[in-house]
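Chains Z and R are the protein sequences, given in the same order. Residue numbering for the first sequence follows this note's numbering, beginning at 2 and increasing consecutively. Residue numbering for the second sequence follows this note's numbering, beginning at 2 and increasing consecutively. Note that beta-carbon positions come from the ideal geometry of N, C-alpha and C, so glycine has one too.
Number of protein chains: 2
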Amino acid sequence: MDRAEEKGSDLAVIDHVGIALWRAARRWRSRMAAEMAARGYPWHQSAAGEVLAHLGPDGLSQRALTERMGMSKQAVQQLVDQLEVLDVVRRVPDPTDKRARRIELTELGARDFAERNRVKVRIEAEYRQRLGEDAFKALLAALAELNT
Amino acid sequence: MDRAEEKGSDLAVIDHVGIALWRAARRWRSRMAAEMAARGYPWHQSAAGEVLAHLGPDGLSQRALTERMGMSKQAVQQLVDQLEVLDVVRRVPDPTDKRARRIELTELGARDFAERNRVKVRIEAEYRQRLGEDAFKALLAALAELNT
DNA sequence: TTCGTTAGTCAAGTTTCTTGACTTTCCTTG
DNA sequence: CAAGGAAAGTCAAGAAACTTGACTAACGAA
């Protein structure tokens, strides 16, 4: 319909693994955020939700979060601030290092985690079905290798 | 070394396809941007570079870009503004629709495109080698399916 | 020919993230 | 066991990325 659309041949030139990965990641993220929001955990729609994606029931130091998320410590700090205000996360002093503070899930955060895990399982099951079990496993393996 | 690191078991709970995809996409993007910057095309380090990733030698309407990139038309407009100032891209009136403007590559933009394509081929070749030909093809196929 | 829709622009504001300067604690190493 | 560099975190300011709202001009169907 749209005159400005390119033909397939051009797409072949432009498209590449990078874009495909990017689109797939984006899709996953917005799907997850939407499902969580529908269940009463709306913060996944914002950048702060990214923090939770890296946070397990054991908590983590802010420093470790910074490394995982690949952004400045100040940025992480600000995102954690937001989650702290929402009472999803809490900062507790690290018993072994007086400089550090551990980021832990509150009760609400723990419920968020459990829900997130259920949603994850559901979405993954859907992916598994769409791709087939073998292809899904191959996808995971390939991504793991590329992320080494 | 870092006391705050979780053990593998926890990671298994937290990690999922979403994060893996996101990390892989991020890696690709920063790799590409770095290589292009090293070759004299630094704008790929900024958000404006994303526009070029969707732009082929035939150009595109701003509207089409908006759809592809999944952001507001105003955001795209601003990114295109930046590339226009850098003389990578130029807006030309659409011959068949006086409201529309086509985004086209300038000579510099065309050189950028060619270089981008070379870099893409090199990185993909590396990925192909790391994963093996079959796994690489399977990855592409899986991503294509998920992006449907 | 009117009227709803579409492409694009302009302006203003929000969100997201970075850089710089600082404090406190840790951990060498001489 | 000091002294000094490195690490964790904070505060403040600002830049970058993106959104929403209001508008203009052209399109296109009833």
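Check                                                                                                                                 : Outcome
Residues that DSSP places opposite Val-93(R) in a beta bridge                                                                         : Arg-103(R)
Below-8 Å beta-carbon distance, Leu-132(R) vs any chain Z residue                                                                     : yes
Alpha-carbon spacing of Asp-135(Z) relative to Ala-34(R), whole angstroms                                                             : 33 Å
Three-way DSSP call (helix, strand, coil) for Leu-141(Z) in this model                                                                : helix
8 Å Cβ cutoff, Lys-99(Z) in contact with chain R                                                                                      : no
Contacts around Glu-116(R), its chain only, beta-carbon distance under 8 Å, and the 5 residues preceding and following it disregarded : Met-37, Arg-40, Tyr-42
Cutoff 7 Å; reference Arg-129(Z); Cβ partners in own chain excluding five residues on either side                                     : Phe-137
Rounded C-alpha distance that separates Ala-48(R) from Ala-26(Z)                                                                      : 17 Å
Leu-132(R) - DSSP class collapsed to helix/strand/coil                                                                                : helix
Segment contact flag, the stretch 68-79 of chain Z with the stretch 108-126 of chain Z, C-beta cutoff 8 Å, min 3 pairs                : no
Proximal residues, the stretch 22-50 of chain Z versus chain R, C-beta separation under 8 Å                                           : Leu-22, Trp-23, Arg-24, Ala-25, Ala-26, Arg-27, Arg-28, Trp-29, Arg-30, Met-33
Helix, strand or coil at Ser-47(Z) [DSSP, three-state]                                                                                : coil
Beta-carbon proximity check, Leu-61(R) vs Val-77(R), cutoff 8 Å                                                                       : no
Where Leu-61(R) sits in the DSSP three-state scheme                                                                                   : strand
Members of the stretch 63-83 of chain R near chain Z, C-beta cut-off 8 Å                                                              : Arg-64, Ala-65, Gly-71
Buried versus exposed call for Asp-113(R) [16 or more other C-beta atoms within 10 Å across all chains shown]                         : buried
Residue-chain proximity (Lys-121(R), chain Z), Cβ-Cβ < 8 Å                                                                            : yes
First through last residue of the alpha helix (DSSP H) which encompasses Leu-80(Z)                                                    : 74-86
Interface flag, Gly-19(Z) vs chain R, CB-CB below 8 Å                                                                                 : yes
Start and end residues, alpha helix (DSSP H) containing Ile-28(Z)                                                                     : The sequence shown places Arg at residue 28(Z), rather than the Ile named in the question. First-last of the alpha helix (DSSP H) with Arg-28(Z): 18-39.
Alpha-carbon to alpha-carbon, Leu-56(Z) and Val-14(R)                                                                                 : Caution is warranted here: a pLDDT of 46 is assigned to Val-14(R), below 50, making its placement in the model unreliable, and the coordinate value is therefore given only provisionally. Between Val-14(R) and Leu-56(Z), the C-alpha separation is close to 10 Å.
Option in Ile-104(Z), Ala-139(Z), Asp-82(Z), Ile-124(Z) with minimal Cα separation from Arg-64(Z)                                     : Ile-104(Z)
As assigned by DSSP and simplified to three states, the class of Gly-148(R)                                                           : First, the residue type needs correcting, since residue 148(R) is Asn and not Gly in the sequence shown. In this structure, Asn-148(R) counts as coil in the three-state DSSP scheme.
Ala-111(Z) to Arg-28(R) span [Cα, whole Å]                                                                                            : 30 Å
Inter-residue spacing [alpha-carbon to alpha-carbon] between Leu-84(R) and Val-90(R)                                                  : 6 Å
Test: Leu-140(Z) CB closer than 8 Å to a CB of chain R                                                                                : yes
Buried versus exposed call for Glu-51(Z) [16 or more other C-beta atoms within 10 Å across all chains shown]                          : buried
Coil, strand or helix - Gly-172(Z) by DSSP                                                                                            : The first residue shown for chain Z is 2 and the last is 149, placing residue 172(Z) beyond what the model contains.
Residues in the stretch 104-115 of chain R having any Cβ partner in chain Z nearer than 8 Å                                           : none
Straight-line gap, Lys-99(R) to Gln-46(R) (C-alpha atoms, nearest Å)                                                                  : 33 Å
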